[in-house]
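Colleague: So the protein sequences, as listed, match chains C and S. Per our numbering, residue 36 is the first one in the first sequence, and the count goes up by one each step. Per our numbering, residue 1495 is the first one in the second sequence, and the count goes up by one each step.
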Amino acid sequence: MIITKKRGHKDIMENIKNCNSLFLLGCSECATLCGTGGEPELREMKETLEAEGKKVTGTFVAKTGCQVLGTKVELKQFKDALAETDCILVMSCGAGTQTAVELFQDKPVYPTNDSLFLGNMTRIQMFDERCSLCGKCILDKTGGICPVTACPKGLLNGPCGGTNNGKCEISDDIECAWVRIYNRLKRLDQLEDMKKTAEPKDWSAHKKPMSINAREKKEEVKK
Amino acid sequence: MNFRDALDSGKFVVTAEIGPPKGTDIKEMLHDAEMLKGRLDAVNVTDNQSAVMRINSMSICRILLDMGHEPILQMTCRDRNRIALQSDLLGASVLGIRNVLCMTGDHPDAGDHKGAKPVYDIESVQLLRVVDSLNNGRDMMGNEMKGATDFFQGAVVTPEANPIEPQLMKFEKKVGAGAKFFQTQAIYDIDKFREFMKYARKFPVKVLAGLVLLKSAGMANYMNKFVPGITVPSGLIDELKAAGKENALDAGINIAARHIKQLRDEKICDGVHIMAIGAEDKVPLIMERAGLS
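1. For the segment 1687–1750 of chain S, which segments carrying the beta strand (DSSP E) assignment without a break, of at least 3 residues, lie completely within its bounds, in sequence order?
2. Return helix, strand or coil for lysine 1667 of chain S, following the three-state DSSP convention.
3. Looking at threonine 132 of chain C and proline 146 of chain C, is the spacing between their C-beta atoms short of 7 Å?
4. In the structure shown, what three-state DSSP assignment does histidine 1767 of chain S receive?
5. Under 7 Å, CB to CB, which of the residues in the segment 1563–1592 of chain S have a partner in chain C?
6. Under a Cβ-count criterion, where at least 16 other Cβ atoms within 10 Å of its own Cβ denotes burial, should proline 75 of chain C be classed as buried or exposed?
7. Between which two residues does the alpha helix (DSSP H) carrying aspartate 1582 of chain S extend?
8. Using the beta-carbon of each residue, which ones in chain C are nearer than 7 Å to threonine 1598 of chain S?
9. Jot down the residue ranges of each uninterrupted alpha helix (DSSP H) in the segment 53–77 of chain C, minimum 4 residues, whole runs only, in chain order.
10. Which partner residues of threonine 94 of chain C appear in the DSSP bridge assignment?
11. Specify, as a first and last residue, the run of the beta strand (DSSP E) that serine 150 of chain C falls within.
12. Please confirm whether aspartate 1744 of chain S has its beta-carbon closer than 7 Å to some beta-carbon of chain C.
13. Would lysine 3 of chain C be called buried (16 or more neighbouring beta carbons within 10 Å of its own) or exposed?
14. My assumption, with CB atoms under 8 Å, is that threonine 1518 of chain S sits in contact with leucine 1534 of chain S. Please give the rounded CB distance.
15. Considering only DSSP beta bridges, list what tyrosine 145 of chain C is partnered with.
16. Evaluate glycine 1723 of chain S with the Cβ neighbour count: other Cβ atoms within 10 Å of its Cβ, from every protein chain shown; 16 or more gives buried, anything less gives exposed.
17. Assuming methionine 126 of chain C and methionine 80 of chain C are in contact, meaning their beta carbons sit under 8 Å apart, how far apart are those beta carbons, in whole angstroms?
18. Can you name the residues of chain C whose CB is closer than 9 Å to the CB of isoleucine 1616 of chain S?
19. Taking only the alpha-carbon atoms, compute the straight-line gap between phenylalanine 1687 of chain S and isoleucine 180 of chain C and give it to the nearest angstrom.
20. Can you grab the Cα-Cα spacing for the pair glycine 1532 of chain S / histidine 1563 of chain S, in whole Å?
21. Just confirm the distance between the C-beta atoms of leucine 1595 of chain S and glutamine 1568 of chain S, as a whole number of angstroms; I'd bet it's less than 8 Å.
22. Please report the distance separating the alpha-carbon of alanine 1604 of chain S from that of arginine 1548 of chain S.
23. Residues in its own chain within less than 8 Å of isoleucine 38 of chain C by CB, not counting five upstream and five downstream?
24. When you compare each of S/Val1507, S/Phe1720, S/Ala1545 and S/Asn1715 to proline 1602 of chain S by their alpha carbons, which one comes out closest?
25. Let's test the definition: count the other Cβ atoms within 10 Å of the Cβ of glutamine 1677 of chain S and tell me whether it reaches 16, buried, or not, exposed.
26. Listed from N- to C-terminal order along the chain, which residues in the segment 1649–1673 of chain S have their beta-carbon within a distance smaller than 7 Å of any beta-carbon of chain C?
27. Can you tell me the Cα-Cα spacing of cysteine 14 of chain C and glycine 72 of chain C, whole angstroms?
28. Look at aspartate 1573 of chain S and valine 1613 of chain S and say whether their C-beta atoms are less than 7 Å apart.
29. For histidine 1601 of chain S, decide whether its Cβ has a neighbour in chain C, counting only Cβ atoms nearer than 7 Å.
30. Given a cut-off of 7 Å, decide if proline 1514 of chain S and isoleucine 1577 of chain S are closer than it, judged by their beta-carbon atoms.
31. If we count the other Cβ atoms within 10 Å of its Cβ and call it buried at 16 or more, is threonine 177 of chain C buried or exposed?
32. Are the segment 1650–1662 of chain S and the segment 188–199 of chain C touching, with three or more C-beta to C-beta distances below 8 Å?
33. In the DSSP assignment, find the unbroken beta strand (DSSP E) run with proline 1565 of chain S in it and report its ends.
34. Alpha carbon to alpha carbon, what distance is there between tryptophan 238 of chain C and asparagine 1575 of chain S?
35. How would you list, in chain order, the residues of chain S whose beta-carbon sits under 8 Å from the beta-carbon of lysine 230 of chain C?
36. What residues in its chain sit with their C-beta under 6 Å from that of glycine 189 of chain C, if we drop five residues either side in the sequence?
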């Protein structure tokens, strides 16, 4: 899921200083699990804004905020509240914010959160980054642990000289990705994989902005 | 004699390093370089060491070349993508620089521009392959170039890394990628290093033991605590302590000299790389006490 973190109150207030009325849009997926854009957070934000003298014309937690059409349909019921508001405050991720940007051509849309990473939830509201969405998966060659993500340098051919008793030179809180990979491959009796020199990564596999039409693919397959 | 020939000749080779300063005043650095002239087989020029922004390695290499030094261009993958790395290598080549040390590079987090985007588009093993390709007249994509480079390329290894196995696997990849020489991370335990050399001798590469000059017991303790892959044995720390604050540096010089002498007398490795880190002017004295000059 997309991990988000609430921005500072000051930042949010600075963005909406010229807006007297706001509509709050959350998301029932990632932002809800992150505690940044679910029902309780929207309620809290509404109270905060009202205490600051703003008018909240409506609040809604979209089912999936990154789904443009789905969100558009869901928002139909708030036609009046949306017509009345000066701006939309989106309490999900950067994708959710830009859904609103697409849907509201004539109103400013502001994010309340910073979007951080694609995360695995390890415990309630605890998240780890394990995949960088690099566009070309190498997990098959690295014992299923991604060094592009888990190594701060994204090294592909083994640990740097900074590896320190299994920890990373950046921080003792980070396990050296390549020591983890080594230990796992050893356990699986697949150390041969680590002896092969990896080619430079093809970063064009993630050429921004990415766009994919899975529908076309299906049609191609049919043919 | 150039660095490659010196290593081929079988003599015990000595290199040291010069860290370019931050800013355009290079007087002090030139003074150190002058003192080292004629004493070394080559001198490394660091590449924004510890991720602290300084004059680039290539310019200083050329200045040292003009002074009569044999420079080793240190090249990290931290700040340049594959296009810039190759372009800089070609530039270094036409400036007459012939030795290059390929490294990954400390993370920007260690330096004075912590918000910098870490590049690491390729890394040390791949950079070695790139150098090999340029030496063969082609860029890393296989495109033919007008004129090849003629680099003598080396790499780094940490003989006391823990765990050691992944480090050695990478060492072997570096050998396979064309590394001709290695300069090691600082070593202080000669017996342990001898074991490493028994292993390293199986490969057709020259190895220079890295020696960081100990300036005080505090520095030794600091390195033990914070510098990965460096272990200063307690015996040496006691020696520095016993010397007292005023004579600690002198004791450090003695330790370095003693280690160099042992490495040479017992033919443990092919040479040494002395990292004086800010005390470059002491390198001649270390060499003198080691019986090298």
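Virtual Cβ for every residue (Gly too), placed ideally from N, Cα, C. All figures in this text were calculated on a predicted structure; none of them were measured in a lab.
Modeller: Let's see:
1. 1700–1706
2. helix
3. yes
4. strand
5. Arg1576
6. exposed
7. 1576–1588
8. Lys188, Leu190 and Cys195
9. 65–69
10. C/Leu59
11. 148–158
12. no
13. This structure cannot settle anything about residue 3 of chain C, because the visible part of chain C is limited to 36 through 258.
14. Rounded, the Cβ-Cβ distance is 25 Å, inconsistent with contact.
15. C/Leu124
16. buried
17. 7 Å
18. Leu191, Pro235 and Lys236
19. 32 Å
20. 7 Å
21. 5 Å
22. 14 Å
23. Cys65, Cys69, Ser150, Leu151, Phe152, Leu153, Gly154, Phe162 and Glu164
24. S/Ala1545
25. buried
26. Val1650, Thr1652, Ala1655, Asn1656, Pro1657, Glu1659, Pro1660, Gln1661, Met1663, Lys1664, Lys1667, Gly1670 and Ala1671
27. Chain C is shown only over 36 to 258; residue 14 of chain C falls outside these bounds and no answer can be derived.
28. yes
29. yes
30. no
31. buried
32. yes
33. 1565–1570
34. 11 Å
35. Met1663, Glu1666 and Lys1667
36. Val183
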